[in-house]
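In my numbering, the protein residues as written are 252 to 486. For every residue, glycine included, the Cβ atom is placed at its ideal position computed from N, Cα and C. Computed from a predicted structure; not experimentally measured. So the structure is just underneath, and the comments pick up after that.
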Amino acid sequence: MPTTVWGQAVQVGGAYQVPSTAINATTGVPYPGNAAHMMNGLTRKNIYDETELRAAMENPFISEIWLMSDILLSGTALPALRNLRRLAIVGKCGSGTHVPYGGSDMCTIDAATLSGIFDVYGPAHLTLHNLRLTRGNVRYGGALAVWFGYADVQGCIMEDNTATRGGAFSNWHGEVVMLDVTLVGNTATYDGAAAYHWGGATSVKQSTIQGEPFFCGRVSMETYWNDDAGSGHSI
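Okay, structure coming up:
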């Protein structure tokens with residue numbers, strides 16, 4: 252059976268074998284975390300620039316990203332989440348009491364009108380917290396596009412994004428849950444300046460659009476591949 256060495260842990264097939272030597276959880280693995288994270292193959296990574304962010308999103312061993320500074324994208328969307336990947340991205344900008352743990356300020360990801368920002372393809376699951384997503388510009392979902400996947404968005408701002416459909420976000424047969432989200436200044440050339448929903452489920456609570464309360468207990472619908480003329484919703 253092939254084995255893969257990851258830091259000081261050895262993966263045998265799909266299982267991890269505990270090494271007989273001591274493990275330094277800070278320096279003994281490529282991505283700092285604690286021993287428990289390393290043992291189950293998952294870890295957290297502190298991110299300071301776009302290059303690090305892209306690499307972390309493509310690394311299947313990373314389950315949580317702490318963003319420590321604002322990010323200006325260089326012309327392409329961030330790597331799409333696919334397959335069984337689960338990833339949380341948390342804004343930790345500003346200065347915290349304990350520097351390694353980051354601050355409490357919101358971090359900005361700015362696409363500079365050159366691309367979209369996040370794409371989630373099912374059954375992948377993306378969680379976003381304490382982020383400002385701005386100036387995304389793409390066909391579907393300026394800041395966030397979900398395709399049969401899952402997205403949880405909490406305490407975020409989606410601002411000044413543009414799309415053909417779903418200026419702020421779009422949901423195509425996926426599941427999107429939003430809590431305490433501000434949608435402002437987003438535009439669409441065809442449908443849904445703020446949101447575009449086609450199949451799946453979308454739930455929004457304690458949020459605003461253009462400063463007005465935005466509440467959606469649950470929108471749910473399905474269409475079939477050979478019947479693509481079913482109902483959709485746009486806001």
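CA-CA distance, residue i and residue j?
i	j	result
lysine 296	glycine 451	31 Å
threonine 385	isoleucine 408	8 Å
glutamate 426	arginine 333	15 Å
asparagine 422	aspartate 403	12 Å
aspartate 300	isoleucine 340	14 Å
alanine 363	alanine 414	13 Å
asparagine 412	glycine 443	12 Å
glutamate 309	cysteine 467	33 Å
leucine 335	alanine 306	18 Å
glycine 436	proline 311	34 Å
alanine 439	glutamate 410	13 Å
arginine 390	arginine 416	6 Å
methionine 357	tyrosine 441	30 Å
serine 320	isoleucine 298	7 Å
serine 458	histidine 424	22 Å
tyrosine 447	proline 374	20 Å
For residue i versus residue j, is the C-beta distance shorter than 8 Å?
i	j	result
isoleucine 316	threonine 294	no
glycine 400	valine 371	yes
glycine 326	leucine 365	yes
valine 428	serine 454	yes
glycine 418	alanine 445	yes
Rounded C-beta distance between residue i and residue j? I'm assuming under 8 Å.
i	j	result
isoleucine 368	leucine 329	6 Å
phenylalanine 465	leucine 430	Not quite, the Cβ-Cβ distance comes to about 11 Å (not below 8 Å), so this is no contact.
phenylalanine 420	leucine 395	4 Å
leucine 377	leucine 338	6 Å
**Report entry** Ranges of the alpha helix (DSSP H) found wholly within the segment 288-347, counting only runs of at least 4
**Finding:** Listed in chain order, they are 301-309.
Requested in this report: Kindly provide the ranges of any beta strand (DSSP E) runs that are 3 or more residues long and lie completely inside the segment 418-459, ordered along the chain.
Outcome: Counting only runs of 3 or more, we get 420-430, 433-435, 438-442.
Query raised in the report: Which ranges does the beta strand (DSSP E) cover as unbroken runs of at least 3 residues, wholly within the segment 365-420, from first to last along the chain?
Result: Taken in chain order, the unbroken stretches of beta strand (DSSP E) that lie wholly in the segment 365-420 and span 3 residues or more are 369-372, 376-380, 382-385, 388-391, 395-398, 401-405, 408-410, 413-416.
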